[in-house]
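Worksheet: the structure to be examined is printed underneath.
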Amino acid sequence: MRYLLALLWIVPALAQQPPDTPPKPADQAAQAPAKTDDKAAQAPAKTDAKAESPAPATEQWVTGSVDLGYRWMTDIRGSFPQYRSVVNLGEGPKLFGLDFTITDPKKRLFDRLDARAYGWGGDPYSTARVDARKLGIYDFTFDYRNIAYFNAVPSFANPLAPAGFNEQAFDIHRRTMNIALDLLPGKRFTPYLAFDRNAGYGHGIDTFLNDENEEFAVPTLLRDSTANYRGGVHVAYNRFHVTLEQGGTTFKDDDQTQFAGTNFGDRTTAFQGQKLVLNSLQQAYGIRGHSIYSKVLVTASPFSKLDIYGQFLYSDPKTDVRYADSATGKFVNPDTLSAFGAQQSLATGSAVAPHTTGSVGFELRPFRRLRIIESWMTDRYHDTGFGLFNQVLQTTPPTNNITTLAPIQVVNYNQEEINALFDVTSKITLRGGYRHVWGDATVRAGTLSQTGDEVSGELRRNVGLAGLTVRPSQKLSVNLDYEAASSDRVYFRTSLNDYHRARVRAKYQVASALVVQANFQVLNNQNPSPDIRYDFESRRNSLAVFWTPAGSKRVSVMAEYDRSTLRSNISFLLPPFLTPTVSAYRDNAHTATSAVDLALVRGAKLTAGGSFFISSGSRPSRYYQPLMRLSVPFGKHITSNTEWQYYGFGEQFFLFEGFRTHVFMTGLRITR
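Going by my numbering, the sequence shown opens with residue -17, and the numbers climb by one from there.
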């Protein structure tokens, strides 16, 4: 990406050069000396010419801004891995923002070019985007994003593991790139080409599982990528639009592990009198996949009171898998309870999964105040595969375990929904509707299944929909959405079953400079099955105030408060004796955010505020983020920015995961 950044800097510099346009004949005549012998007559003429204010020789056709600066911080007290998992800001020089627009007066390669870049210099989220267009010829878009994902929170993986043990940690970069080119935009036929790529690479911690008796945390090298190539044509007429697209995808995922040393895993006790240990491991797997797909989109308005749409997508992905491992240490064969010191495994497999998705719908307006919206969609895929797993245990004599799999996975999902919207008056709108969801699935059963290698399930859900919009005046608006559902069958224990969901949003303009917004959301879900007894409820209430007197010339205030609660209870069987028990989770949280902008002398601006989060319940936490920023202009095109922010995080039950630090930033914003 350094070449892209260089391009983003060079292009504006080149664009600032004046166009090499020769002077017009009229300009040459104006610059030529007057041919007269009367010197007295020439003097007033020179005075008049000097009094005139001719237009600039060149027009400014590059505008934009750049934010440059430096960030540093105090020592991070507490857990550095937790800081990186939550904040992950680094020190050093930064390009906080770059934004410029070029308008070519000659309209050679483009009419207009827009470029933006944010967060460069080691920040966890960096973006760059370029848009170029030439009227009636092409539209071009390039978008790039780089996300640094770090997660090393041991308490989520295994809070009871020995000190220093960490499972499922990641330190990876994920990069996405999207390129699109539309030809002849605005015409009836618009061909287009596009390319999308999503790739990740980095290191992490994975677990090596030895016959379900022990988990050993080992370092892992991760790398994956997905590429999508597509092209098609948009066909646009007055009453219908059609998009035809053909594309293909490629996918690969690689995982490599090498370990040598002494690793006792997460088991603190002996197994069958043996203390298990891993001394060396070489493990690798690779997945390769590809797919061809076709897509059709249609929208039409056959007459003024009816709009219809449809979409169809078919893909046929194919996947191949390879796996191998070789481990030494002290292990136990669970079948014979005998100890052994080494094992080798080799696995291979392949799968084919044709996938079909389709949807149709319409909006009918039979009367001026009535709208009827109907939609139906289906999603179906059929996955057939074959797998072979061969494991050799270096027992006496050696044990060879061969397992073959031929799983079949079939999933069908369907949904139909109809809504009617009626304008009772110009200020009141009612909505009523119904949604029906149904489907079936057959998948491979879990290791503890008592019904065979496969398990089947069904989904049946009926949902009632309602809504109300009230606008009694221009200053007040209220929106209410509500749905209630009853399910005969669901796939998962925690799926939406018998639930009620409601949301209320209100906005009131108290005065020209004061706006108040309020929101309320609730979800209550129940599964009364005797072996599940799932009870879930989530509530959220928020209030926001915006005060901007005199158009924010001197002061503006934003304040928001959020109160949320979550409650969950579900029955489960506790290993190893499968004792019936209940898992209960509670969370009660307060979140507040505020910002005050003050206009100081000579265009300076001070911003103060921040946010905090306080929760109690099953995992009580506190997180504070106060902020202060000062902007001081130096002339017309340069502004200095200085910022201080504090990050403080703590947990009551996991004190070792707390951290706190001060972060400072200073820089310049240059505009043109």
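Virtual Cβ for every residue (Gly too), placed ideally from N, Cα, C.
Distance CB(residue i)-CB(residue j) smaller than 8 Å
| i | j | result |
| --- | --- | --- |
| A329 | L370 | yes |
| H572 | R604 | no |
| V486 | F528 | no |
| K234 | I269 | yes |
| N551 | Q508 | no |
| L95 | I84 | yes |
| R515 | D470 | no |
| K489 | S459 | yes |
| E345 | D289 | yes |
| Y397 | R417 | Correcting the residue identity first, residue 397 is Gln in this sequence and not Tyr. A contact, by the Cβ cut-off of 8 Å. |
Three-state class that DSSP yields for residue i in the structure shown
| i | result |
| --- | --- |
| F294 | strand |
| Y267 | strand |
| S534 | helix |
| G585 | helix |
| F528 | strand |
| Y65 | helix |
| S137 | helix |
| E149 | coil |
| F638 | helix |
| P562 | strand |
| Q325 | strand |
| L478 | coil |
| K234 | strand |
Straight-line gap, residue i to residue j (C-alpha atoms, nearest Å)
| i | j | result |
| --- | --- | --- |
| L295 | G230 | 12 Å |
| I187 | T56 | 29 Å |
| G146 | F246 | Here the model assigns G146 a pLDDT of 49, short of 50, so the residue's position is not dependable and the matter cannot be decided. |
| T109 | R98 | 8 Å |
| F646 | G599 | 34 Å |
| R66 | Q264 | 29 Å |
| K89 | Q42 | 15 Å |
| I154 | Y131 | 5 Å |
| G449 | T643 | 46 Å |
| G591 | P608 | 6 Å |
| A134 | P510 | 37 Å |
| S524 | D422 | 39 Å |
| A266 | R205 | 12 Å |
| Y629 | R59 | 11 Å |
| S468 | S262 | 53 Å |
| R522 | Y543 | 11 Å |
| T624 | G74 | 15 Å |
| G434 | R475 | 20 Å |
| K300 | V392 | 15 Å |
| D125 | L258 | 50 Å |
| F404 | N394 | 34 Å |
| N501 | T338 | 38 Å |
| A321 | T251 | 16 Å |
Exposed unless 16 or more other CB atoms sit within 10 angstroms - verdict on residue i
| i | result |
| --- | --- |
| E196 | buried |
| K409 | exposed |
| D317 | exposed |
| H619 | exposed |
| P63 | buried |
| A151 | buried |
| L387 | exposed |
| E639 | buried |
| Y567 | exposed |
| G54 | Reading off the sequence, residue 54 comes out as Trp, not Gly. By the neighbour-count rule (16 or more Cβ atoms within 10 Å), W54 is not buried but exposed. |
| H216 | buried |
| A532 | exposed |
| N192 | buried |
| P255 | Note on residue identity: the sequence assigns Gly, not Pro, to residue 255. Exposed: under 16 other Cβ atoms inside 10 Å. |
| S438 | exposed |
| D365 | buried |
| G214 | buried |
| V406 | exposed |
| L80 | buried |
DSSP bridge partner residues for residue i (one or two, in chain order)
| i | result |
| --- | --- |
| T366 | V334 and I390 |
| L319 | Beta-bridge pairing links L319 to no other residue. |
| D86 | In the DSSP output, where bridge partners are listed per residue, D86 has none listed. |
| W626 | M610 and F646 |
| R568 | R549 |
| Y381 | Looking at the sequence itself, residue 381 is Thr, so the reference to Tyr does not match. Paired residue(s): L375. |
| D81 | S47 and R98 |
| G229 | R212 and Y275 |
| Q499 | K489 and A526 |
| T339 | L295 and D361 |
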